[in-house]
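Engineer:
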Amino acid sequence: MGATVRTTVGPGVWMVAELRQVPLRFNAPPGWPSPPADWVVRRQGWTPPPGWTPPVANGRPPSAPPGWVFWRRNGAAWRRAAAPVIGPPVRRLTVASAVVAVSTAVTVLAAFTPMTAFALASIGILVGLVRVLTGVFEVVDARRVAWRTVLQTAVATQAATDRAAYERYLAEFRATA
Numbered sequence: 047m048g049a050t051v052r053t054t055v056g057p058g059v060w061m062v063a064e065l066r067q068v069p070l071r072f073n074a075p076p077g078w079p080s081p082p083a084d085w086v087v088r089r090q091g092w093t094p095p096p097g098w099t100p101p102v103a104n105g106r107p108p109s110a111p112p113g114w115v116f117w118r119r120n121g122a123a124w125r126r127a128a129a130p131v132i133g134p135p136v137r138r139l140t141v142a143s144a145v146v147a148v149s150t151a152v153t154v155l156a157a158f159t160p161m162t163a164f165a166l167a168s169i170g171i172l173v174g175l176v177r178v179l180t181g182v183f184e185v186v187d188a189r190r191v192a193w194r195t196v197l198q199t200a201v202a203t204q205a206a207t208d209r210a211a212y213e214r215y216l217a218e219f220r221a222t223a
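Position one of the sequence shown corresponds to residue 47 (this note's numbering), numbered consecutively onward.
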């Protein structure tokens with residue numbers, strides 16, 4: 047996974063990436079060849095249509111099994127890419143969990159004091175629990191948003207790379223015509 051790729055992004059602009067630095071890694075179905083590194087970098091998250099198979103030297107491999115997951119998160123690179131989206135909800139969930147823990151401790155201690163302190167501490171637990179539950183949903187949603195963000199970035203990168211390659215092709219064609 048340490049292959050380095052250099053692809054044109056625009057006139058005079060190069061994108062250099064190592065496969066270990068891209069957020070998603072390609073999960074080839076059984077019998078499929080591993081795609082080249084530049085393909086993986088440029089097509090992060092692209093899912094082939096059902097029945098599609100890659101061309102290979104000696105025919106075509108079998109189609110991917112139904113429901114095959116073509117892309118997997120790529121460890122630290124995924125965490126770096128997803129951090130701006132997932133980080134804030136995780137921090138809020140951590141704070142809410144701390145509120146529940148502190149409120150629970152205060153409630154236990156307040157059980158031996160007048161009822162007002164016990165009631166106030168119990169309210170803290172309820173508020174904290176509500177916040178924990180909403181925080182869990184926020185984190186789940188943030189993971190979906192992070193996945194979409196990675197895919198949108200990949201589509202934009204591929205479009206810029208393809209546009210630059212087409213412009214190079216046209217320039218070379220005009221130069222030879």
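All C-beta atoms, glycine included, are put in the ideal place defined by N, C-alpha and C.
Every value quoted in this text rests on a predicted model; they were computed, and no experiment measured them.
Report all residues from its chain with a CB closer than 6 Å to the CB of residue 71; omit the five preceding and five following residues, and keep chain order.
Structural biologist: 118 and 120
Engineer: Which stretch, first to last residue, makes up the beta strand (DSSP E) that contains residue 119?
Structural biologist: 117-119
Engineer: Between residue 198 and residue 188, what straight-line distance do the alpha-carbon atoms span, to the nearest angstrom?
Structural biologist: 15 Å
Engineer: Taking the alpha-carbon positions, what's the residue 135 to residue 191 distance?
Structural biologist: 12 Å
Engineer: Rounded to whole angstroms, what's the CA-CA distance from residue 81 to residue 93? Just pull it up for me.
Structural biologist: Computed Cα separation, rounded: 13 Å.
Engineer: Spatial neighbours of residue 200 within its chain, please: C-beta separation below 6 Å, excluding the five flanking residues on both sides.
Structural biologist: 90 and 91
Engineer: Using only the alpha-carbon positions, how far apart do residue 112 and residue 221 sit?
Structural biologist: 47 Å
Engineer: Going straight from the alpha carbon of residue 141 to that of residue 164, what length do you get?
Structural biologist: 22 Å
Engineer: Who are the near neighbours of residue 178 in its chain, counting only those whose CB is closer than 7 Å to its CB and skipping five residues on each side?
Structural biologist: 139, 142, 143 and 146
Engineer: Mapping the DSSP letters down to three states, classify residue 219 as helix, strand or coil.
Structural biologist: helix
Engineer: Compute the distance between the beta-carbons of residue 107 and residue 133, then report whether it is under 8 Å.
Structural biologist: no
Engineer: Does residue 96 pass the burial test, meaning 16 or more other C-beta atoms within 10 Å, or should it be called exposed?
Structural biologist: exposed
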